[in-house]
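*Asks:* Sequential numbering from 1 applies to the sequence shown in my numbering.
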Amino acid sequence: MKYFIFGLLAIILLSGCGKREVSKDTTLGNLRKQAFEEFVAFPYKEKSELKDSIKNIVLEYIKTNNIQADLFKLNNFTNCVMYNIWEKNPNQTLVLPLQVCTNEINNGELDKINYEDPSWILGQFDTVSGEHYLASKYIKDNLNDPKSYDFVDASYNILQNGSQVLITTEYIAKNLLGGNTRNKTAILFSNRGEILAVY
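The following block contains the structure:
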């Protein structure tokens, strides 16, 4: 019986371990969920399965649509798509960021803007609770009573074309007098997770 249970557990675990297929029809919400699953609580890394999947789609899209782009413009186009995954409605598909970035190539805007990929820092958001892992960790580490921390809400603003992200967290925690107070802390992160400022 125990071999049956172990075998069943192995099948369940292994069936969820494969790469997810990403296509132009994948919703932005699903891509955000993939970012969370790949990045949350892990150190920053340059390469990622999510970005590699997006790069492959971008290459195919550029070939299909006869878009002329050198290596720099291709990388910037990919980062533009990654940026727009987080800026657009999560119910939209990957087609929308591809179209937005194509418009920027066609009107010359992509030559003026240098995009960076904010996916790692934004992938720290829990897709169920909405809590941002790094922001909550920083806040708890700086409270008088970290165990009193009770997450309420969090939001983000992408700044500097994806190189910075402002995470605002609302929470309840005990103050110095022992009473519970509702607080808001805004933390400016680089897209690689360094804390740049706290407000």
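Don't be surprised by glycine CBs; every beta carbon is placed ideally from N, CA and C.
1. Does R182 pass the burial test, meaning 16 or more other C-beta atoms within 10 Å, or should it be called exposed?
2. Whole-angstrom Cβ separation of F39 and G123, contact assumed at under 8 Å?
3. In three-state terms, what does DSSP make of T185?
4. Relative to the C-alpha of E222, which candidate in R32, G29, P43, S53 has its C-alpha closest?
5. What does the Cβ neighbour count give for I187, buried or exposed, with the cut at 16 atoms within 10 Å?
6. Quick check: what's the CA-CA separation for K140 versus W120?
7. Could you tell me which of E60, L159, S155 sits nearest to K24, measuring between CA atoms?
8. Enumerate in chain order the residues of its own chain whose CB-to-CB distance from N84 is below 6 Å, with the five nearest sequence positions on each side excluded.
9. Pairs of beta-carbons, one from the segment 77 to 94 and one from the segment 155 to 163, closer than 8 Å: are there three or more?
10. Measuring only the C-alpha atoms, how far is L50 from L94?
11. Between the Cα of D180 and those of G162, T102, Y149, spot the shortest distance and give me the residue it belongs to.
12. Comparing C-alpha positions only, which one of L176, L196, E109, A154 sits nearest to T169?
13. Within 10 angstroms of its Cβ, does G178 collect 16 or more other Cβ (buried), or is it exposed?
*Replies:* Taking the geometry as given:
1. With fewer than 16 other beta carbons inside 10 angstroms of its own, R182 counts as exposed.
2. With a contact defined as Cβ atoms closer than 8 Å, F39 and G123 qualify at about 3 Å.
3. Reduced to three states, the DSSP call for T185 is strand.
4. Here the chain has residues from 1 to 199 only, and residue 222 is not among them.
5. Buried: at least 16 other Cβ atoms inside 10 Å.
6. Taking the straight line from one Cα to the other gives about 21 Å.
7. Here the closest residue by C-alpha is E60.
8. If we look at N84 and ignore the five residues flanking it on each side, its Cβ neighbours are P97, V100.
9. Judged by Cβ distances under 8 Å, the segment 77 to 94 makes contact with the segment 155 to 163, as three or more pairs qualify.
10. In a straight line, the C-alpha of L50 is about 13 Å away from that of L94.
11. The sequence shown places Asn at residue 180, rather than the Asp named in the question. When G162, T102, Y149 are compared, the shortest CA-CA separation from N180 is found for Y149.
12. The shortest C-alpha separation from T169 is found at A154.
13. Counting Cβ neighbours within 10 Å, G178 comes out exposed, since fewer than 16 surround it.
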